[in-house]
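Asker: Before we start, here is the structure in question, set down as structure tokens.
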Amino acid sequence: MVKSLEGLTGEEIADIAYAQNSIPPSGLGAIFEVLIYIFGVICTVVVALRVYIRMFKIQNDVKWRLNDYLTVFGFLPYISAAILGALSVHYGVGATDDYLDKFEMHNYITVRGMEYLILYELIYYASSTITKFAIAVTILYICVERRYKYIMYAIMCIMTVTAAICVVWFFVNCVPFQGYWNPGAGECKSSDGFLNLSYVGTSAQVASDWACATTPFFIVYSLQMTKRSKIAVVGILGLGVLASIAALMRIISYQYIDIRKYPNDDMGKLSTTSRKTVANLFVQFPKADYFYGRS
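Spelled out as structure tokens, the structure:
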């Protein structure tokens with residue numbers, strides 16, 4: 001039985017990897033799975049309620065607006081990302097190296113785990129970007145001053161440019177794309193390309209989270225609303241600060257997936273990526289954006 005990946009082609013590695021059975025989640029992986037299910041249900045209920053209200057409870061002619069469509073379109077890939085996240089923990093994500101060493105074919109099991117993790121990150125980023133557009137559009141609806149509108153337009157431009165750069169680099173860096181998780185499939189131009197993309201993408205998200213969370217305070221302050229309504233609106237829209245805090249923790253934890261510091265620790269890249277997901281869960285799996293992306 002071949003246990004090492006060395007000397008095998010990408011196709012041979014893939015065939016062996018996909019012949020492996022899943023393993024029980026361990027450590028943080030088991031926690032991740034529970035949180036994925038809990039927050040997945042919460043998000044589904046929230047979005048379902050929004051759709052129900054828009055379709056059956058609003059009496060005016062304009063039941064659906066752009067931010068509603070963006071919210072739904074952002075939710076759909078989120079479900080796919082959640083499924084991939086749940087699958088990844090059954091193939092080594094969140095487990096310690098000591099636990100994985102108990103399985104003879106752990107090198108191939110973790111190939112699948114890394115595949116699910118990479119696809120999860122890619123799809124989640126798409127979901128997050130679409131949802132942030134929904135938030136920005138929602139804020140535009142209540143803007144009465146141009147300067148705040150310009151801020152939202154700037155945020156949307158930054159998110160668009162950042163997403164375009166990340167997507168292009170993501171697919172160009174490793175050819176074929178499977179090279180990210182299958183060492184026999186091909187080579188990557190930059191060994192730390194995924195790490196650099198993580199820094200760029202997360203930094204843009206932090207900026208957009210803070211802008212979307214703080215701008216409503218200044219907008220609502222000048223509106224003719226009751227104090228109670230103002231507090232409620234600012235409180236809901238301000239939940240984006242929680243997302244930015246989690247994103248900042250992600251930036252700090254990225255050092256642990258830097259292969260320049262850990263060049264020979266293949267499983268370190270996988271398991272420590274999962275350790276930083278403890279903080280990441282607050283922004284990724286709960287999708288707090290959906291709670292403050294409503295109008």
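Once you know that position 118 of the sequence shown is 118 in the UniProt record's numbering, the rest is easy, because the numbers rise by one and skip nothing. Virtual Cβ for every residue (Gly too), placed ideally from N, Cα, C. Owing to the predicted nature of the structure, the values given are computational and were not obtained by experimental measurement.
1) Using 8 Å as the threshold, is the C-beta distance between GLY113 and TYR91 below it?
2) Given a threshold of 16 other Cβ atoms within 10 Å of its Cβ, counted over all protein chains shown, does MET152 qualify as buried or as exposed?
3) Taking the straight line between their C-alpha atoms, what separation do you get for ILE79 and ILE31?
4) Alpha carbon to alpha carbon, how far is ILE36 from PRO216?
5) Would you report the Cα separation of CYS174 and VAL161, rounded to the nearest angstrom?
6) Could you give the DSSP three-state label for GLU187: helix, strand or coil?
7) What do you get for PHE285, buried or exposed, if any count of 16 or more other CB atoms within 10 angstroms of its CB means buried?
8) Would you report the Cα separation of ASN67 and TRP181, rounded to the nearest angstrom?
9) Of all Cβ atoms in chain D, is any one closer than 8 Å to the Cβ of PHE103?
10) What residues match up with VAL175 in a beta bridge as DSSP calls it?
11) Which one of ILE23, LYS189, THR138 and GLY201 has the shortest CA to CA distance from MET159?
12) Excluding five sequence neighbours on each side, which residues of the same chain lie with their C-beta closer than 8 Å to the C-beta of TYR148?
13) Taking the straight line between their C-alpha atoms, what separation do you get for ALA279 and ALA154?
14) With C-beta atoms as the reference, is THR71 less than 8 Å away from VAL47?
15) Among ALA213, LEU76 and GLY184, which one has its Cα closest to the Cα of THR9?
16) Measure the CB-CB distance between MET105 and GLN178 and report whether it falls below 8 Å.
17) For MET105, which three-state DSSP category applies?
18) DSSP on SER26, reduced to helix/strand/coil?
19) To the nearest angstrom, how far is the alpha carbon of ILE58 from that of LEU49?
20) Starting from the Cα of VAL168, find the closest Cα among SER203, LEU122, TRP210 and THR96 and give me that residue.
21) Just mark LEU223 as buried or exposed, buried being the case when its beta carbon has 16 or more other beta carbons within 10 Å.
22) Just to confirm the assignment: which complete alpha helix (DSSP H) runs, minimum length 4, are found wholly within the region 93 to 152?
23) With SER88 as the anchor, note down where its alpha helix (DSSP H) starts and where it stops.
24) Quick check on TYR63: buried or exposed, where buried means 16 or more other Cβ atoms within 10 Å of its Cβ?
25) Is DSSP giving residue 324 helix, strand or coil here?
26) Using the Cα positions of LEU5 and VAL111, report the straight-line distance between them to the nearest angstrom.
27) Spatial neighbours of SER127 within its chain, please: C-beta separation below 7 Å, excluding the five flanking residues on both sides.
28) Looking at C-alpha atoms only, which residue of SER88, TYR18, ILE53 and ALA134 is the closest neighbour of residue 297?
Answerer: Per the coordinate set shown:
1) yes
2) buried
3) 18 Å
4) 30 Å
5) 21 Å
6) strand
7) Model confidence at PHE285 stands at a pLDDT of 33, short of 50, so the residue's coordinates are unreliable; what they give is reported in the following sentence. Its Cβ being crowded by 16 or more others within 10 Å, PHE285 is buried.
8) 36 Å
9) Structure shown: chain D not included; a single protein chain is present.
10) GLU187
11) GLY201
12) ILE139, THR215, PHE218 and ILE219
13) Residue placement at ALA279 cannot be trusted, given a pLDDT of 29 that sits under 50; what the coordinates show is reported in the next sentence. Looking at the two C-alpha atoms, the distance is approximately 28 Å.
14) yes
15) GLY184
16) no
17) coil
18) coil
19) 12 Å
20) LEU122
21) exposed
22) 97 to 100 and 106 to 142
23) 66 to 88
24) Looking at the sequence shown, residue 63 is not Tyr but Lys. By the 10 Å Cβ count, LYS63 comes out exposed.
25) Residue 324 lies beyond the stretch modelled for the chain, which goes from 1 to 295, so this question has no answer here.
26) 10 Å
27) GLY74, PRO77, TYR78 and ALA81
28) Examination of residue 297 is not possible in this model, given that the chain is present from 1 through 295 alone.
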